[in-house]
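Working notes, structure below.
4 protein chains.
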Amino acid sequence: MCRWLAYSGSPVLVEELLYNRKNSLIVQSLHSRLGAEETNGDGFGLGWYGDQDTPGVFRSIEPAWNDRNLRELSRQLSSGLVFAHIRASTGSPVQQTNCHPFRHGRWLWMHNGFVDKFNQVKRDLTLEVDPLLYPEIEGTTDTEVFFHLALTYGLEEDPPRAVERAVGFIEATGKRHGSAHPIQMTVATTDGESVWAFRYSSAGKSRSLFYSTDVKTLRAQHPDNPVLHQVSDESRLVVSEPLGDLAGAWNEVPESSYGVIRPGDDALLPFTPAEPTLA
Amino acid sequence: MCRWLAYSGSPVLVEELLYNRKNSLIVQSLHSRLGAEETNGDGFGLGWYGDQDTPGVFRSIEPAWNDRNLRELSRQLSSGLVFAHIRASTGSPVQQTNCHPFRHGRWLWMHNGFVDKFNQVKRDLTLEVDPLLYPEIEGTTDTEVFFHLALTYGLEEDPPRAVERAVGFIEATGKRHGSAHPIQMTVATTDGESVWAFRYSSAGKSRSLFYSTDVKTLRAQHPDNPVLHQVSDESRLVVSEPLGDLAGAWNEVPESSYGVIRPGDDALLPFTPAEPTLA
Amino acid sequence: MCRWLAYSGSPVLVEELLYNRKNSLIVQSLHSRLGAEETNGDGFGLGWYGDQDTPGVFRSIEPAWNDRNLRELSRQLSSGLVFAHIRASTGSPVQQTNCHPFRHGRWLWMHNGFVDKFNQVKRDLTLEVDPLLYPEIEGTTDTEVFFHLALTYGLEEDPPRAVERAVGFIEATGKRHGSAHPIQMTVATTDGESVWAFRYSSAGKSRSLFYSTDVKTLRAQHPDNPVLHQVSDESRLVVSEPLGDLAGAWNEVPESSYGVIRPGDDALLPFTPAEPTLA
Amino acid sequence: MCRWLAYSGSPVLVEELLYNRKNSLIVQSLHSRLGAEETNGDGFGLGWYGDQDTPGVFRSIEPAWNDRNLRELSRQLSSGLVFAHIRASTGSPVQQTNCHPFRHGRWLWMHNGFVDKFNQVKRDLTLEVDPLLYPEIEGTTDTEVFFHLALTYGLEEDPPRAVERAVGFIEATGKRHGSAHPIQMTVATTDGESVWAFRYSSAGKSRSLFYSTDVKTLRAQHPDNPVLHQVSDESRLVVSEPLGDLAGAWNEVPESSYGVIRPGDDALLPFTPAEPTLA
Chain A
5 MCRWLAYSGS PVLVEELLYN RKNSLIVQSL HSRLGAEETN GDGFGLGWYG
55 DQDTPGVFRS IEPAWNDRNL RELSRQLSSG LVFAHIRAST GSPVQQTNCH
105 PFRHGRWLWM HNGFVDKFNQ VKRDLTLEVD PLLYPEIEGT TDTEVFFHLA
155 LTYGLEEDPP RAVERAVGFI EATGKRHGSA HPIQMTVATT DGESVWAFRY
205 SSAGKSRSLF YSTDVKTLRA QHPDNPVLHQ VSDESRLVVS EPLGDLAGAW
255 NEVPESSYGV IRPGDDALLP FTPAEPTLA
Chain B
5 MCRWLAYSGS PVLVEELLYN RKNSLIVQSL HSRLGAEETN GDGFGLGWYG
55 DQDTPGVFRS IEPAWNDRNL RELSRQLSSG LVFAHIRAST GSPVQQTNCH
105 PFRHGRWLWM HNGFVDKFNQ VKRDLTLEVD PLLYPEIEGT TDTEVFFHLA
155 LTYGLEEDPP RAVERAVGFI EATGKRHGSA HPIQMTVATT DGESVWAFRY
205 SSAGKSRSLF YSTDVKTLRA QHPDNPVLHQ VSDESRLVVS EPLGDLAGAW
255 NEVPESSYGV IRPGDDALLP FTPAEPTLA
Chain C
5 MCRWLAYSGS PVLVEELLYN RKNSLIVQSL HSRLGAEETN GDGFGLGWYG
55 DQDTPGVFRS IEPAWNDRNL RELSRQLSSG LVFAHIRAST GSPVQQTNCH
105 PFRHGRWLWM HNGFVDKFNQ VKRDLTLEVD PLLYPEIEGT TDTEVFFHLA
155 LTYGLEEDPP RAVERAVGFI EATGKRHGSA HPIQMTVATT DGESVWAFRY
205 SSAGKSRSLF YSTDVKTLRA QHPDNPVLHQ VSDESRLVVS EPLGDLAGAW
255 NEVPESSYGV IRPGDDALLP FTPAEPTLA
Chain D
5 MCRWLAYSGS PVLVEELLYN RKNSLIVQSL HSRLGAEETN GDGFGLGWYG
55 DQDTPGVFRS IEPAWNDRNL RELSRQLSSG LVFAHIRAST GSPVQQTNCH
105 PFRHGRWLWM HNGFVDKFNQ VKRDLTLEVD PLLYPEIEGT TDTEVFFHLA
155 LTYGLEEDPP RAVERAVGFI EATGKRHGSA HPIQMTVATT DGESVWAFRY
205 SSAGKSRSLF YSTDVKTLRA QHPDNPVLHQ VSDESRLVVS EPLGDLAGAW
255 NEVPESSYGV IRPGDDALLP FTPAEPTLA
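Chains as they are written, first to last, in the working numbering: chain A, 5 to 283; chain B, 5 to 283; chain C, 5 to 283; chain D, 5 to 283.
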């Protein structure tokens, strides 16, 4: 439905991440190779962490490929933690409040996929959102409701557990409404320090998701590649589809799992939705 | 907060209604005389009935005064029932799904005013909306929730009663949340045949609303005015503020009342919010 | 570069032309089969003749496939002469003033293709435009300059001759600036009565262009097709690519030729650029 | 017609310049006190110098007062040289390519005012632009042509002289076309190091322009004002109208003069258009 990119590492110019790659996210906005739709032209969003407490978010309803402001900002902004998302709407309106990433305090969230039969389950899902968080919902996407469910379930304390609970609730609700496969998702979220990336779908056939190989390993394999000497050891990309053809650079995130990118060792762990319990 | 215009009568070019008046709605978008805000530049909308079952709706986030598409359409479209609205946002995002008029089947709805403390009462109001209507809510304005409350209470069967119940519910909910004056409103709604226009506010100090004098009376007063000979006897305008200075042409809708414009005699009646009853 | 459609015939709902076809123009905006680019998402335009002297023009910078206003208008507007265009920018900014069709008085003009090395020849081409027409140029496309060259050369009196002179001038200017193949074009223009459609390129490899078969012939071949009984005998479509798969319905416009659709017999004639003569 | 602000000094958050003032530029976009128009809602632009060779430019066609992306960027970007502009169109289309500031290499340029009878003189002015610069003109404003005239006359070598020649040429051209008062202007331009600000009009009644008092002087006058201790000694603002009411803070730029803000002493000098000489 969409394509996204999450970067964590030494500060780089956003242009390096979004434009200067053979199969960059901007190229994918016109010609995605692995996406459910080839064209992702229904708006885009950029989230980045700078000197402020809160990350910046730039969102637009125009296709990314010809957006001059995105191009300008990409040439000026450097950041060590960047989220970028290009959208292919599955029906909800093309408007800035429906563009990812979504933000809550220092947290960002973006999603590729969909909640099945969303129009039918939307009310039940929205009712489950913490009433204090409810007024924050500004758009009409499944993703934003999903984000607020995760926040309701404690995203800020234990992200994997909160997402497992949110997905469990979405699945239980969907099934009650007759959906065979209630959710399809790759999700990235961050608090500005760590990045969590999830790959899961009720049908067990999730959208593609890749993470970049450890920089030290890549440097040993490609000692002459200058880019690999510019970035820090801990730099890591998670992407809907590989940005280039460098051998050994990209690894598929397995079905029903999630990765954590953080200071120190990263981790790859199984993801299991948590069934809702009675109150 | 906003300015609007409702026209019912013999078919006229939309341009006549929106542009060719001394204090036209387009002039009001830059310099409203009577509005709570002088500038109404946060998008606009046009609803009109043509040959189809369903009215057309054209909405844009650009200020009306310089919008070339609005100008073009106004020069091409003729209609006997037109709603037009220019918006001054009270906080909700400037996006097409927040522009009036809103539509449900053959019905249109537009509003000037606000629901007080909307962020605090939004959840309770939305929960009251018929779950079958709930998925139709596409934007994030108080007006759209208000419209769906009225639909829930039977707008399509008995518009005045439905609006009285919706306002009664909004007032009860607002008071529960500590609002002294829960609602401020002028509202117009239509099924394509009749137009209902309401003026009410909890504080008893409602936004301005005017209706045009009966055409036959005006013709007798101004026998040489050519415009008055072009329109049918039953033509009528309801507006947030007068479009011109013709003596005797404009009458204020009284506080806490509503008018009905319909084939046959029009009517002006008192408006009394209906307190919610226990189910 | 772009895709376009011109319709002349009995009045039809624009929706029929733009949406209700297997390979409609809206489908082509996302997935063109024959275009130089698959995606035509850099704005669109609609021109139509109604009751007024001047045709209406609706233009937007958003992709056509998700534009709600285009959808709304298409459901309300009927017309017997419609131009529609979806754009894939070849570099000039995505803005309404760069969207086709362009208008001059009662005339409309749209184009698929490009003027080679436009940045280098733009000044010379623009200088050739009649100084009285020059201030009318509002955008920055090659197409708009081309249109004004044709107007300068008498488009309103003898369209084929004016286009031949404009193309001749563009070719002579391009060659002086070192362009091997100065122009690539399919062009449609109309005065609201007749439609002229041109297919030509300096390289002799022009973009695709098709016209629909005479309705009477099609009816005889497909006696059970209901659509063919709804449209008048003289209805005709000219399109960048066929809108459907009806056998016998579509004919390619030959290289270096133009067609005239008009009351009475249509015609298909050779197109030969006219070399500029010394003043 | 428009309002603008130029800042040069120690790096500050753009939000401080655009939002956190009693009569900030954002406030002026809705309610200008001194402007020819009260509302400046026809787009805006922001230019800033960061770590790159070339300044960034962010431009939008939406009114500044509700633009969320401008708000976001203002909270993230710090810069020691900022240009900001809000537009009230005098007729040319509302599109990004018509928003100020305009850029050429490291140079920025913005303007409040107009070239009189621009439609009539546009061709002659444009022809005078260096043919190598001509293709860079992307919009349709008088300002952009004026900028390219100044570039043609050597803006990058001697800005005051180049602007004097450009204005002289515009005045001579305008008079030839029957304009009594060919130009009205306040202009700011910068190479990223110095800022030049001009105030001039053919009629001798120029739009308002103010510069801020030397910071050391202000600190002595207002020893307890914390803002004055945060900015460097050399910080300076030039604005269409004062941003606040601090006594002694704002000085009017005299008629027919220009100021230079640069490392070392600033200067205020007379401005005299240079009559064109025969080639």
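Note that beta-carbon positions come from the ideal geometry of N, C-alpha and C, so glycine has one too.
Check: DSSP on Gly158 of chain D, reduced to helix/strand/coil?; Outcome: coil
Check: My assumption, with CB atoms under 8 Å, is that Ala92 of chain A sits in contact with Glu41 of chain A. Please give the rounded CB distance.; Outcome: 4 Å
Check: As an exercise, report each continuous beta strand (DSSP E) stretch of at least 3 residues that is fully enclosed by the segment 89 to 164 of chain B, in chain order.; Outcome: 106 to 108, 111 to 119
Check: Quick one: grab the DSSP three-state call for Asn255 of chain B.; Outcome: strand
Check: Please list, in chain order, the chain D residues whose beta carbon lies closer than 8 Å to that of Glu76 of chain A.; Outcome: Gly60, Val61, Phe62
Check: Quick one: what does DSSP say Ile65 of chain D is sitting in, helix, strand or coil?; Outcome: coil
Check: Restricting to Cα atoms, I'd like to know which of D:Glu238, D:Ser236, D:Phe202 is closest to Phe275 of chain D.; Outcome: D:Phe202
Check: In chain order, what are the residue ranges of uninterrupted alpha helix (DSSP H) at least 4 long that sit wholly in the segment 13 to 77 of chain D?; Outcome: 18 to 22, 29 to 35
Check: Which stretch, first to last residue, makes up the beta strand (DSSP E) that contains Thr193 of chain B?; Outcome: 187 to 194
Check: What is the DSSP secondary structure of Phe275 of chain B, reduced to helix, strand or coil?; Outcome: coil
Check: Applying the criterion that 16 or more other CB atoms from any shown protein chain within 10 Å of the CB defines a buried residue, is Ser14 of chain B buried or exposed?; Outcome: exposed
Check: Closer than 8 Å, Cβ to any Cβ of chain C: which residues of the segment 86 to 100 of chain B, in chain order?; Outcome: Gln100
Check: Have a look at Arg110 of chain D and Asp55 of chain B and give me their C-alpha separation to the nearest angstrom.; Outcome: 56 Å
Check: Compare the C-alpha of Ser198 of chain B against each of B:His181, B:Gly263, B:Asp146 and name the closest.; Outcome: B:Gly263
Check: Can you look up Ala3 of chain C in the DSSP assignment and give me helix, strand or coil?; Outcome: Since the first and last residues shown for chain C are 5 and 283, residue 3 of chain C lies out of range.
Check: Going by DSSP, what residues sit across from Phe264 of chain D in a beta bridge?; Outcome: The displayed chain sequence assigns Val, not Phe, to residue 264 of chain D. D:Trp200, D:Ala271.
Check: Do Gly178 of chain D and Ser206 of chain D have their beta-carbon atoms positioned less than 9 Å apart in this structure?; Outcome: yes
Check: Can you find at least 3 beta carbon pairs, one from the segment 180 to 199 of chain D and one from the segment 153 to 165 of chain D, that sit closer than 8 Å?; Outcome: yes
Check: Does the beta carbon of Gly54 of chain D come closer than 9 Å to any beta carbon on chain A?; Outcome: yes
Check: Could you tell me which chain C residues have their CB closer than 8 Å to the CB of Asp269 of chain A, listed as they occur along the chain?; Outcome: Per Cβ cutoff of 8 Å: no residues; Asp269 of chain A is ~42 Å from chain C at best.
Check: Helix, strand or coil, according to DSSP, for Arg240 of chain D in the structure here?; Outcome: strand
Check: Return the residues of the segment 13 to 32 of chain B that lie within a Cβ-Cβ distance of less than 8 Å from chain D, sorted by chain order.; Outcome: none
Check: Phe48 of chain B and Glu66 of chain B: beta carbons closer than 9 Å?; Outcome: yes
Check: Mapping DSSP to helix, strand and coil, what is Gly84 of chain D?; Outcome: strand
Check: Would you mind telling me which residues of chain C sit closer than 7 Å to Gln80 of chain B, beta carbon to beta carbon, in chain order?; Outcome: Gly54, Gln56, Gly60
Check: What residue from C:Val133, C:Pro227, C:Ala271, C:Gln225 has the CA that sits closest to Val242 of chain C's CA?; Outcome: C:Ala271
Check: Mind checking whether Trp52 of chain B and Gln80 of chain C have CB atoms under 9 Å apart?; Outcome: yes
Check: Against chain C, with Cβ distances strictly below 9 Å, would Asn73 of chain B count as a contact?; Outcome: yes
Check: How would you label Ala253 of chain D, buried or exposed, when you count the other beta carbons within 10 angstroms and need 16 or more for buried?; Outcome: buried
Check: Since Asn138 of chain A meets chain B, which of its residues come closer than 8 Å, beta carbon to beta carbon?; Outcome: It is Tyr, not Asn, that sits at residue 138 of chain A in the sequence shown. Lys126, Arg127, listed in chain order.
Check: I want to know whether the segment 115 to 122 of chain B touches the segment 182 to 190 of chain B - three or more CB-CB distances under 8 Å.; Outcome: yes
Check: Excluding five sequence neighbours on each side, which residues of the same chain lie with their C-beta closer than 6 Å to the C-beta of Phe106 of chain D?; Outcome: Trp113, Glu148, Phe151
Check: Determine the burial state of Asp237 of chain B: buried for a count of at least 16 other Cβ atoms within 10 Å of its Cβ, exposed for fewer.; Outcome: exposed
Check: By DSSP's criteria, Phe214 of chain A is part of a beta bridge. Which residues make up the other side?; Outcome: A:Val243, A:Glu256
Check: Just by C-beta distance, which residues in the segment 135 to 159 of chain D are closer than 7 Å to chain C?; Outcome: Pro135, Tyr138, Pro139, Glu142, Thr144
Check: For Arg63 of chain C and Ala278 of chain A, what's the separation of their Cα atoms in angstroms?; Outcome: 49 Å
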